[in-house]
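Counting in this note's numbering, the sequence shown runs from 15 upward without gaps.
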Amino acid sequence: EVTRKGKTKAYVVSTHPKFPVKAEVIGGKPAEVGMIVYGKLQYTASHVMISIEEVLGHKDDPGIEIAQIALEYGFVTEFNEDVIEEIAGISDVVLDEQKIGRTDYTDLLTITIDGDDSKDFDDAVWVRKNQDGTFDLGVFIADVSEYVKEGHPLDQAALARGTSVYLADRVLPMLPHKLSNGICSLNEGVERLVLACIMKLSKEGNLLDYEITEGFISSKHRMTYRNVNAILDGDGLLREKYADIVPMLETMIELSAIIRRRREKKGGIEFDIPEYSFSLNEDGSPLSIELRVRKQAEKMIEDFMLQANETVAYHMNIFHLPCVYRVHEKPDQEKLRDVFAVIGGMGITLKQTKNDIHPKQVQDALIKIADSPYQTILSQLLLRSMMKARYAPECLGHYGLAMQYYCHFTSPIRRYPDLMVHRLIKKTFLHPDRLEEDLKKYQAILGTIADENSISERKAIECERAVNDMLYAWYMESHIGQIYQGVITSMVSFGMFVTLENGVEGLVSLSSLPGYFTFDKEKMCYYSKERVYHLGQRVSVAVASANRLSRKVDFRLPDEREIYENSSIE
């Protein structure tokens, strides 16, 4: 932040709590006092200097805090001139010559189902139940690779970003809006180019046959999760309004349940971890925190996308074609057994064997703890014991989904690996004009691309978490001293972390506990002569401090008098 500007000198003070630096401005873009700026520091023996590379805005501008965090993690909102020039030459409508050689799916009752606020629709679905009890499932994905040409500025920008980043009040898109919200978005009532994966599934959900083709569709309805859930719950007005698709929606739910049962039977793991979203005031401050609830429609679309991803990965593997796979390797067995031991210590008996723990055993553990008061914390412990999923050119399987073949195919608007898989399908399977040359090229570069996208994904997740932590802390700044009910979700040598029902996590430091406490790492508890605090225990906490700049919240344990006087414990 520019804090002082004299006739000849201006200074910038870092707003990052870990780097309290004051620097003299020596050039770059002009900025007034109160402006939030970005630049590289230069050091001499007696001075710290900065050349201003970017001016984000005034410190009081709505959303400036989120913009700072995005920049901190290296995410930019603007596209360079070469990209802008390239997209200017892209048509806003599907051209007749682009449809040559493609399958016409415009007569199918394809629909999109997304969130209320979504603007980029990269997947549409269609389902039919046949007389013999089998199902035809069509998953139609925007053919982004038709517009993002390999090696062009637009492709280079997409690879550099790797993913769209979803922050509280904004999206930092991987692709410019002209593509993501326009020609590549499967908007209602307009023709769009797609890659289609049409699958025939048995009554038990087994894959009987499939085809992967280039095509074009015209989505018949832009549906929302909220409306589809209401229709499935029997909302009369909506069922009348969308009467043409109600039978298909009911067939979709039937098929979704079959696909999910098959995955669960194989041992697919479903971590039921609460997720939260923020409503913001006009000035960018958090107004409220809401629990996100996944209902039938959300789970249905997830089932269909997983099925398409698995089918495409299977296809690429059996034909020995290059692919960017989504892999999730076996967890460290010692870590997993430690978590099983913690669960056992809470009175929940789990089956264990001398062999490696199979995903089915993890799934069984999640089922057993589902009705436990410790369900959320134990699910989080199990999740933390897992390896991180990543991208790789080798088909190593997906432990969490219990799938031998898996890749990301269904979101090329917002994930570069999906775009890459589309490109590989087209170049090595649908149009293998230079197959030998392309095979050599992709075998040489896919490892690097996979690694870069794994890094981009982790960076995006960290950025999203940093924004959420900032908003949690900002929200709690106006609740200092207030008492809440929470659960001890983590214990470390310097204190215990408590999570409230609204998702806010804060530290109760060891030094703030009354008396002398000893930490038992194996039993995950603090104990003194008078009392014990253990993992999963419900406790009352008072908000001791909160700071949006440090993105941290501190709690303390209130005494009985405070609890009594605070009759409204949340």
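Every residue gets a Cβ at the ideal spot worked out from N, C-alpha and C, and that includes glycine.
Query	Result
In DSSP terms, what residue 561 is bridged to	566
N- and C-terminal bounds of the alpha helix (DSSP H) containing residue 389	389–398
Straight-line gap, residue 534 to residue 352 (C-alpha atoms, nearest Å)	14 Å
Close Cβ partners of residue 461 (< 6 Å) along its chain, the five nearest in sequence each way excluded	407
Distance between residue 522 and residue 531 (C-alpha atoms, nearest Å)	13 Å
Beta-bridge pairing of residue 208 - partner residues as DSSP gives them	156 and 229
For residue 354, the three-state DSSP class (helix, strand or coil)	helix
Terminal residues of the beta strand (DSSP E) in which residue 379 lies	Run containing residue 379: none in the beta strand (DSSP E); it sits in the alpha helix (DSSP H), 373–383.
Local Cβ density within 10 Å of residue 220, reported as buried at 16 or more and exposed below that	exposed
Span separating the alpha-carbon of residue 186 from that of residue 476	14 Å
Residue 267 - DSSP class collapsed to helix/strand/coil	helix
Strand pairing of residue 499, partner residues [DSSP]	554
Coarse secondary structure for residue 344, derived from DSSP in three states	coil
Coarse secondary structure for residue 300, derived from DSSP in three states	strand
Coil, strand or helix - residue 112 by DSSP	helix
The beta strand (DSSP E) enclosing residue 370, as first and last residue numbers	No beta strand (DSSP E) contains residue 370, which DSSP labels as neither H nor E.
Exposed unless 16 or more other CB atoms sit within 10 angstroms - verdict on residue 122	buried
Three-state secondary structure (DSSP) of residue 22	coil
8 Å CB neighbourhood of residue 564 in its chain, flanking five on each side removed	31 and 487
Buried/exposed call for residue 449, threshold 16 Cβ in 10 Å	exposed
Among 93, 160 and 84, nearest to residue 438 - alpha-carbon criterion	160
Cβ shell of residue 34 (< 7 Å), same chain only, five flanking positions each side left out	28
Extent of the continuous alpha helix (DSSP H) run through residue 457	449–491
Paired residues, beta bridge with residue 138 - DSSP	154
C-beta atoms of residue 108 and residue 204 nearer than 9 Å	yes
9 Å Cβ cutoff, residue 96 in contact with chain D	The structure shown has no chain D; it contains just one protein chain.
Where residue 538 falls: helix, strand or coil (DSSP)	coil
Burial state of residue 347 (16 or more Cβ within 10 Å)	exposed
Spatial distance of residue 558 from residue 536 (CA atoms)	29 Å
Start-to-end residues for the alpha helix (DSSP H) that takes in residue 235	That residue, residue 235, is in no alpha helix (DSSP H); its beta strand (DSSP E) goes 235–238.
Neighbour-count burial assignment, residue 485, 16 or more Cβ in a 10 Å radius	buried
Touch test, the stretch 129–136 against the stretch 223–242, Cβ-Cβ under 8 Å, three pairs minimum	yes
Three-state secondary structure (DSSP) of residue 318	helix
Where the alpha helix (DSSP H) through residue 254 begins and ends	250–255
Secondary structure, alpha helix (DSSP H): runs of 4+ residues fully inside the stretch 55–82	none
C-beta atoms of residue 319 and residue 153 nearer than 9 Å	yes
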